[in-house]
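If you use this note's numbering, the sequence shown corresponds to residues 82 to 620, in order. Don't be surprised by glycine CBs; every beta carbon is placed ideally from N, CA and C. Everything on this sheet refers to the single structure shown next.
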Amino acid sequence: MFPVLIFIGTATRLSAARREQRFAALRLIGATPRQIAVIAAVESSVAAVGGVAAGFALFVLLRPALAPIPFTGEPFFPGDLSLNLPDVVLVALGVPIAAAAAARLALRRVTRSPLGVTRQTTARPPRAWRILPLLAGLGELAWFVHAGQPAGTAGQVRAYLSGILLTMIGLIVVGPWLTLAGARLVARRTRRPAALIAGRRLADNPQAGFRAVAGLALALFVTSVAVGIITTINAYGTTGTRDHAAARGPAQRHTLIDRFTTYTPAGPQDIASIPASLLGDLRRVPGVRGVTVIHRPPGAGRVDPLIGVVSCAELSGTPALGRCAAGSDPATTATLSTDFEARFGDHAGTVGPAALSPDGLRHLPVQSLAVDTDGPAAVERARTVLDLAYLSYPSVTIAEDLDRGLRLTTAYRQLANVVILTSLPIAGCSLAVSVVAGLNDRRRPFSLLRLAGAPLGMLRRVIVLESALPLLVLTVVSIATGFLAAGLFLRSQLHETLQPPGGEYYLIVAAGLLAALAVLASTLPLLRRITGPAAARSD
């Protein structure tokens with residue numbers, strides 16, 4: 082949504098300088114601020130309505146071609162790519178309203194000081210306080226590293242999403258200040274006329290320079306966050322090891338797990354007990370070597386980690402879950418983690434004792450059931466018995482559960498790539514519109530420079546530097562901020578360390594930067610056509 086909103090704002094500001102002068106003239110001859118705001122809103126919203134109508138038409142035409150594309154690993158039916166009424170209303174009304182609001186905000190100087198616009202006064206430079214929202218977003222994510230992850234899924238979503246959004250807003254707010262700092266540094270250090278002109282112009286209006294690359298900066302931030310998190314999850318894997326293939330041993334393939342916990346707003350809910358007849362049926366299945374019932378510990382609340390208690394006698398029959406300490410009385414109980422994807426393997430470690438008698442264990446609710454077998458045939462027989470008894474709780478082997486988690490992670494990674502590759506063209510369009518708008522607004526100054534003897538090649542270098550300088554500065558800042566945000570999230574939520582991304586990430590970043598430079602180069606031929614003696618004349 083952020084690149085789309087930035088594109089709307091950028092497109093709305095097309096020829097903004099010339100419109101400011103026109104509206105300032107209307108203000109000076111008596112037009113009220115309200116009248117100017119209405120004119121600007123109508124101009125922008127009419128164009129936006131036409132664009133929205135064209136967008137819906139393209140959606141209908143392209144839907145059959147998009148449906149077979151496996152965005153998440155599986156193709157879609159055309160009916161899956163349908164819009165409900167709230168979606169249509171949100172887009173049909175939201176885009177024109179956003180365009181009108183952007184046009185209104187773009188006319189702040191005209192409303193406050195029309196004389197300042199006509200005399201081309203320089204706006205107040207951005208201050209260093211703009212870095213505070215960015216630090217606040219990163220500080221919120223860092224706080225959870227110290228305080229621990231928030232309670233409950235809803236609390237975690239609110240906490241981490243607000244931190245990420247605040248960081249994104251912080252990048253938008255701090256962007257002009259970083260552009261100003263980079264422009265001043267270049268202007269002080271350079272001796273080349275093109276770099277000097279570009280640095281001075283950026284320092285004079287850093288907001289416009291940053292606006293051209295804001296979409297790409299946010300796209301790179303989202304790319305870095307998504308790739309950093311997914312790369313780390315894939316590196317450590319759902320089993321806590323780096324070698325997924327080696328983690329699929331016989332114990333994982335032949336141990337069946339049936340979970341009975343459902344999560345409700347009131348907390349996790351388990352079944353009361355498992356009938357003794359069902360346990361007997363499972364133990365009589367040929368090839369079944371052990372059955373372990375995992376209970377919820379007494380007093381375990383909705384915010385507790387996934388912990389279960391078992392009988393040591395039963396646990397000895399399912400070695401993939403762990404083992405009691407050597408020499409333990411089989412009549413004792415033990416506590417183990419029920420986070421199957423994180424800890425179970427062919428050589429699970431020793432579990433800790435539980436201060437609970439076997440009689441008290443039987444009165445606790447049941448979280449899950451584990452069945453150890455000697456091979457695939459026994460797995461399928463035991464699965465049939467369990468699924469007939471608990472149709473709404475499908476059973477899976479540990480290996481199937483791990484593979485399902487990896488498939489889900491792969492689907493998220495592919496979907497993230499789709500979002501990234503969709504955001505980059507939108508951000509590139511924002512860059513193209515900004516460059517063209519800048520050329521239109523500065524045709525007279527560039528024409529005067531040409532008449533004064535400035536070569537056309539030098540003016541082209543000025544245009545490239547004005548866009549490339551903030552692009553490079555914000556690229557470094559966005560990528561570093563994205564990796565930092567991803568690392569803080571991983572440390573707080575998953576207790577993992579950020580792992581460096583592979584070559585695919587660098588190819589995406591390079592492709593985005595090359596596309597941005599190609600868009601920039603495609604606008605350079607306009608410079609010859611829009612500058613000249615005719616444009617140098619005063620309007």
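Query raised in the report: Do you know how far the Cα of Thr-342 is from the Cα of Asp-385?
Result: Reliability fails at Asp-385, whose pLDDT of 49 lies under 50, so the model's placement of it is uncertain and no value is given.
query = So Thr-454 is in the beta strand (DSSP E); what residue range does that whole segment cover?
reply = Segment 447-454, the beta strand (DSSP E) holding Thr-454.
Practice task
Could you say which of Ser-548, Leu-502 and Asp-339 lies nearest to Ser-305 if we only look at CA atoms?
Solution key: That would be Leu-502, whose Cα lies nearest to the Cα of Ser-305.
Identify the continuous beta strand (DSSP E) that holds His-376 and give its terminal residues.
-> Segment 369-376, the beta strand (DSSP E) holding His-376.
C-alpha distance - Gly-568 paired with Leu-216, whole-angstrom precision
Rounded to the nearest angstrom, the gap between the Cα atoms of Gly-568 and Leu-216 is 15 Å.
Where Phe-679 and Thr-413 are concerned, what is the direct C-alpha to C-alpha distance, given to the nearest angstrom? The chain is shown from 82 up to 620; residue 679 falls before or after that span and cannot be answered.
I'd like the span of the alpha helix (DSSP H) that includes Leu-337, first residue to last.
DSSP places Leu-337 in no alpha helix (DSSP H) but in the uninterrupted beta strand (DSSP E) bounded by 336-340.
Helix, strand or coil for Val-391 per DSSP?
If DSSP states are grouped into helix, strand and coil, Val-391 belongs with the strands.
- [ ] Note down, in chain order, each residue of its chain lying with its Cβ closer than 7 Å to the Cβ of Leu-363, except the 5 sequence neighbours on either side.
- [x] Scanning its chain for C-beta atoms nearer than 7 Å, with the 5 sequence neighbours on each side dropped, one finds around Leu-363 the residues Val-369, Val-372, Val-452, Ala-463 and Val-466, in chain order.
- Are there 16 or more other CB atoms within 10 angstroms of the CB of Val-303, so buried, or fewer, so exposed? Flag for Val-303 reads buried.
(message) Taking the straight line between their C-alpha atoms, what separation do you get for Ile-352 and Val-499?
(response) In a straight line, the C-alpha of Ile-352 is about 41 Å away from that of Val-499.
key: Where Pro-159 falls, given that 16 or more other Cβ within 10 Å makes a residue buried   = Around the Cβ of Pro-159, a 10 Å sphere holds fewer than 16 other Cβ atoms; the residue is exposed.
Along the alpha helix (DSSP H) that carries Gly-563, what are the first and last residues, could you check?
It spans 537-570 - the alpha helix (DSSP H) in which Gly-563 sits, taken as one unbroken run.
* Whose C-alpha, out of Ala-492, Gln-574, Leu-601 and Ala-480, is nearest the C-alpha of Phe-225? -> Answer by Cα proximity: Gln-574.
Q. If you follow the alpha helix (DSSP H) that Ala-128 is part of, which residue opens it and which one closes it?
A. Ala-128 -> alpha helix (DSSP H) spans 114-147.
Inset, instruction - Measure the alpha-carbon distance for Thr-604 versus Gly-220 and round it to whole angstroms. - result: Near 40 Å, if we compare the C-alpha coordinates of Gly-220 and Thr-604.
Exercise for the section: Assign Phe-88 to one of three DSSP states: helix, strand, or coil. Expected result: DSSP, read as helix, strand or coil, puts Phe-88 in helix.
task: Could you tell me which residues DSSP puts in a beta bridge with Ile-352?
output: For Ile-352, DSSP records a beta bridge to Val-447.
Could you check the C-alpha separation between Leu-594 and Phe-564 for me, to the nearest Å? Distance between the alpha carbons of Leu-594 and Phe-564: 18 Å.
Which of the three DSSP states is assigned to Ala-415 in this structure?
Ala-415 sits in a strand when the DSSP states are folded into three classes.
Just to check my reading of the structure: Ala-644 and Val-600 have Cβ atoms closer than 8 Å, yes? What is that Cβ distance to the nearest angstrom?
The structure shown has nothing for residue 644, since the chain only spans 82 to 620.
Considering Asp-468, what are the terminal residues of the alpha helix (DSSP H) in which it resides?
-> That run of the alpha helix (DSSP H) goes 457-470.
Original post:
Which whole runs of the alpha helix (DSSP H) in the region 276-306 are 4 residues long or more, in chain order?
Top reply: Here no run is fully enclosed.
Review point. What is the DSSP secondary structure of Thr-322, counted as helix, strand or coil?
Key: Any reading at Thr-322 must be qualified, since the residue scores a pLDDT of 41, below 50, and its modelled position is unreliable; no value is offered.
Q | Cβ neighbours of Ala-596 in the same chain (closer than 7 Å, five flanking residues each side left out) | A | Excluding sequence neighbours, Ala-596 sits near Leu-505 and Gly-509.
*Would you mind working out which of Gly-584, Phe-137 and Ala-180 sits nearest Leu-163, comparing C-alpha positions?*
One point to set straight first is that residue 163 is Ser, not Leu, in the sequence displayed. Just measuring C-alpha positions, the residue of Gly-584, Phe-137 and Ala-180 sitting nearest Ser-163 is Phe-137.
Just the Cα atoms here: how many angstroms apart are Ala-276 and Met-249?
If I take the Cα positions, the gap works out to 30 Å.
- Query: Could you give the distance in angstroms between the alpha-carbon of Val-374 and the alpha-carbon of Leu-487?
  - Reply: If you take the alpha carbons of Val-374 and Leu-487, they lie about 27 Å apart.
| field | Residue burial classification, Asn-165 (beta-carbon count within 10 angstroms, cutoff 16) | value | Burial check for Asn-165: the Cβ neighbour count within 10 Å stays below 16, so the residue is exposed.
Let's see if you can read the secondary structure: which residues bound the alpha helix (DSSP H) around Leu-442?
Per DSSP, Leu-442 belongs to the alpha helix (DSSP H) from 439-442.
- Task: Take Leu-445 as the anchor and find which of Gly-111, Ala-401, Ala-459 and Ser-392 has the nearest alpha-carbon.
- Result: Leu-445 has its Cα closest to that of Ser-392, out of Gly-111, Ala-401, Ala-459 and Ser-392.
Reduced DSSP secondary structure (H/G/I, E/B, other) of Phe-152:
Three-state result, Phe-152: coil.
Next on the checklist: Would Ala-264 and Gly-251 be called neighbours here (beta carbons separated by less than 8 Å)?
Outcome noted: Taking 8 Å as the cut-off, the Cβ atoms of Ala-264 and Gly-251 do not count as close.
- Query: DSSP puts Thr-343 in a beta bridge; with which residues?
  - Reply: Thr-343 pairs with Gln-350.
Review point. Where does Arg-404 sit, in a helix, a strand or coil, going by DSSP?
Key: Strand, per DSSP.
- Query: Excluding the five sequence neighbours on either side, which residues of its own chain have a C-beta within less than 6 Å of the C-beta of Val-130, listed in chain order?
  - Reply: For Val-130, the CB contacts under 6 Å within the same chain, skipping 5 residues up- and downstream, are Pro-177 in chain order.
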